[in-house]
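Inspection log for the structure reproduced underneath, given as structure tokens.
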Amino acid sequence: QPPSSPKDEL
Amino acid sequence: MNIFRLTGDLSHLAAIIILLLKIWKTRSCAGISGKSQILFALVFTTRYLDLLTSFISFYNTIMKLIYIGCAYATVYLIYMKFKATYDGNHDSFRLEFLVVPVGGLACLVNHDFSFLEILWTFSIYLESVAILPQLFMISKTGEAETITTHYLFFLGLYRALYLFNWIWRFYFEGFFDMIAIVAGVVQTILYCDFFYLYVTKVLKGKKLSLPA
Chain L
1159 QPPSSPKDEL
Chain W
101 MNIFRLTGDL SHLAAIIILL LKIWKTRSCA GISGKSQILF ALVFTTRYLD LLTSFISFYN
161 TIMKLIYIGC AYATVYLIYM KFKATYDGNH DSFRLEFLVV PVGGLACLVN HDFSFLEILW
221 TFSIYLESVA ILPQLFMISK TGEAETITTH YLFFLGLYRA LYLFNWIWRF YFEGFFDMIA
281 IVAGVVQTIL YCDFFYLYVT KVLKGKKLSL PA
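Residue numbers (our numbering), protein chains in the order written: chain L, 1159 to 1168; chain W, 101 to 312.
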């Protein structure tokens, strides 16, 4: 399940 | 990671470097809104606190440190080193009109009412309007240096590319975040007027001056 919010994004 | 996010990050990095070099080389921040740069420093500070709590990748960590470092260096150059060239009279946008509503909205509309999540949400909403003082300043002075328009172009392009990144991630990873997407759409829309002037004027070798 991908993270709920794009914390892997800048 | 996908091509849209990578080119988006590189476009963002290019914008930040272009601005820093412009101020450093010309030893002047004429035409630059210090208030927008304060907002960007606030955006990165509130969004990248997770540097202290989680490690995602070297790329992620290094880029965050570069963004934060450049943001504060730019604010320092504007308000300290080259303060004499700062055009405070035209940089008159009231920051509280942005920070207060954005802060309230971040508390009302978020994914999770936790400290880091609220700050992240605040940074997403704030980033979408952080360029307003700069665009407001250009509308007041009626013109912008060509190098400043290149800065704005890459800055606007980065979030537009992120929109494609989110389409890509939705299609291939079944992932999407409504808060980031809505704020990203708003942010990109705010640049549309500038993009039009940039393409019709600057790319034709003319100076960007208003009224169009």
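Note that CB positions come from ideal geometry on N, CA and C, so glycine has one too.
Item, Value
"Host alpha helix (DSSP H) of R259(W) (start-end)", "T246 to E273"
"C-alpha distance - A206(W) paired with R147(W), whole-angstrom precision", "13 Å"
"Residues within the segment 222 to 249 of chain W neighbouring chain L, beta-carbon criterion of under 8 Å", "none"
"Rounded distance between the beta-carbons of A244(W) and L308(W), thought under 8 Å", "5 Å"
"Contact under 8 Å by Cβ, E322(W) with V282(W)", "The first residue shown for chain W is 101 and the last is 312, placing residue 322(W) beyond what the model contains."
"Cross-strand partners of S309(W) (DSSP beta bridge)", "E243(W)"
"CB contact flag (F295(W), G256(W), <8 Å)", "yes"
"Contact with chain L by I289(W), beta-carbon distance below 8 Å", "no"
"Counted within 10 angstroms of its Cβ, other Cβ atoms place Q1159(L) as buried (16 or more) or exposed", "Reliability of the predicted coordinates at Q1159(L) is poor, the pLDDT of 41 falling under 50, and the value obtained from them is presented with this limitation in mind. Burial call: exposed."
"R105(W): first and last residue of the uninterrupted alpha helix (DSSP H) it sits in", "I103 to T126"
"Range covered by the alpha helix (DSSP H) that runs through L216(W)", "F215 to V229"
"The segment 208 to 216 of chain W in contact with the segment 104 to 120 of chain W per 3-pair CB rule at 8 Å", "no"
"Any chain W beta carbon closer than 8 Å to P1160(L)", "Unreliable placement is indicated for P1160(L), whose pLDDT of 43 sits below 50; no coordinate value is reported for it."
"The segment 193 to 202 of chain W in contact with the segment 131 to 139 of chain W per 3-pair CB rule at 8 Å", "yes"
"Amino acids of chain L, ordered along the chain, whose beta-carbon sits closer than 8 Å to that of R105(W)", "E1167"
"Chain-ordered neighbours of N160(W) on chain L, where CB pairs are closer than 9 Å", "D1166, E1167 and L1168"
"Proximity winner among D150(W), L121(W), Y167(W) and L149(W), relative to D109(W) (alpha-carbon distances)", "Y167(W)"
"Pick from I224(W), T288(W), G131(W) and Y262(W) that is closest to R105(W), judged by C-alpha positions", "Y262(W)"
"Residue-level contact to chain L via CB, Y167(W), 8 Å cutoff", "yes"
"Exposed unless 16 or more other CB atoms sit within 10 angstroms - verdict on K122(W)", "buried"
"Chain L contact for D109(W) (CB, 8 Å cutoff)", "yes"
"For L120(W), the nearest candidate out of Y258(W), T145(W), F182(W) and L151(W) (CA to CA)", "F182(W)"
"Cross-chain neighbours of M163(W) in chain L, by beta carbon under 9 Å", "L1168"
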